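Participant: Handing you this structure, nothing more for now.
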Amino acid sequence: MGCVVSRFNSFITDRLLAGALDAIRRHGGSAEHVRIVRVPGSLELATAAKAMAASGKFDAVICLGAVIRGETDHYERVASGAASSIARIGPETGVPAIFGVLTCDELEQAINRAGAKNGNAGFQAAVAAIEMANVLKKLARE
Ligand code: INI
């Protein structure tokens, strides 16, 4: 499993990463075997994730970031650019790339979705990655 993490809003993305590693452990995986790559911001997630997917070394790649409207005037561009570029990786490479990017109006909302009141989106992203990796393994065996 590969995991690309944005350093922008690292206060949030570090918590998303902790949630993702927790999910992997709880599903019988080993957090030590997860290759973690850090990139500057959410707009760079797809470039690193695609390189990892194309390497053939990973059964899925989780992309973790946080785009917060209150802190940027180009929120829409960063959020939609990250979403559309990450969404292309799976169909293009055959390796699932999971969109674990929070898009929030305010910092408080991001905190709540990164392990406080509303679960942890990193945990959910890792569960999706495990499920997709298993689906593709099963399809390859049929
Ligand atoms: N990147 C984020 O991950 N979240 C943000 O909220 C954000 N804001 O606020 O602008 C952000 N910008 C940086 C962007 O992802 C790129 O790193 C930068 O534009 C260089 O390409």
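Numbering (my numbering), first residue to last: 2 to 143. Every residue gets a Cβ at the ideal spot worked out from N, C-alpha and C, and that includes glycine. Just so you know, these numbers come straight off a predicted model, no measurement behind them.
What is the DSSP secondary structure of F124, counted as helix, strand or coil?
Facilitator: The sequence position of residue 124 within the sequence shown is 123, counting from 1. When secondary structure is reduced to three states using DSSP, F124 falls in the helix class.
Participant: Rounded to a whole number of angstroms, what is the C-alpha to C-alpha distance between G3 and I13?
Facilitator: Within the sequence shown, numbered from 1, the residue matching residue 3 stands at position 2. Within the sequence shown, numbered from 1, the residue matching residue 13 stands at position 12. Answer to the nearest angstrom: the Cα atoms are 19 Å apart.
Participant: How would you write the range of the beta strand (DSSP E) that L65 sits in, first residue to last?
Facilitator: Here residue 65 refers to the residue found at position 64 when the sequence shown is read from its first residue. Run containing L65: 62–69, per the beta strand (DSSP E) assignment.
Participant: By the three-class DSSP mapping on this structure, what secondary structure does A117 have?
Facilitator: Translated into positions along the sequence shown, residue 117 becomes position 116. The answer is coil: DSSP assigns A117 none of H, G, I, E or B.
Participant: Given this structure, state the Cα-to-Cα distance separating R8 from L44, to the nearest angstrom.
Facilitator: Residue numbering aside, residue 8 sits at position 7 when the sequence shown is read from its first letter. Residue numbering aside, residue 44 sits at position 43 when the sequence shown is read from its first letter. Roughly 11 Å separates the two Cα atoms.
Participant: How is the alpha helix (DSSP H) around L18 delimited, first residue to last?
Facilitator: Working through the sequence shown from its first residue, we reach residue 18 at position 17. Taken as a continuous stretch (DSSP letters only), the alpha helix (DSSP H) holding L18 covers 11–27.
Participant: When the Cα of A50 is compared with those of I99, S81, G116, which residue comes out closest?
Facilitator: Walking along the sequence shown from the start, residue 50 turns up at place 49. Closest option to A50, Cα to Cα, is I99.
Participant: Between which two residues does the beta strand (DSSP E) carrying S7 extend?
Facilitator: Indexing the sequence shown from 1 puts residue 7 at position 6. It spans 3–7 - the beta strand (DSSP E) in which S7 sits, taken as one unbroken run.
Participant: Are the beta-carbon atoms belonging to A115 and N121 less than 8 Å from one another?
Facilitator: Taking the first residue of the sequence shown as position 1, residue 115 is located at position 114. Taking the first residue of the sequence shown as position 1, residue 121 is located at position 120. Contact flag set, yes.
Participant: Quick one: is R36 near chain B, going by C-beta distance under 8 Å?
Facilitator: No chain B appears in the structure shown, which is made up of a single protein chain.
Participant: Bridge partners of V38, per DSSP?
Facilitator: Taking the sequence shown and counting its residues from 1, the one referred to as residue 38 is at position 37. DSSP lists V5 as partners of V38.
Participant: Any contact between the segment 53–68 and the segment 9–28? By contact I mean 3 or more CB pairs, one from each, below 8 Å.
Facilitator: yes
Participant: Here's a check: name, in chain order, each residue in its chain whose Cβ is nearer than 8 Å to the Cβ of V40, leaving out the five neighbours to either side.
Facilitator: Within the sequence shown, numbered from 1, the residue matching residue 40 stands at position 39. Taken in chain order, the residues that qualify are V5, V6, S7, R8, L46, T48, A49.
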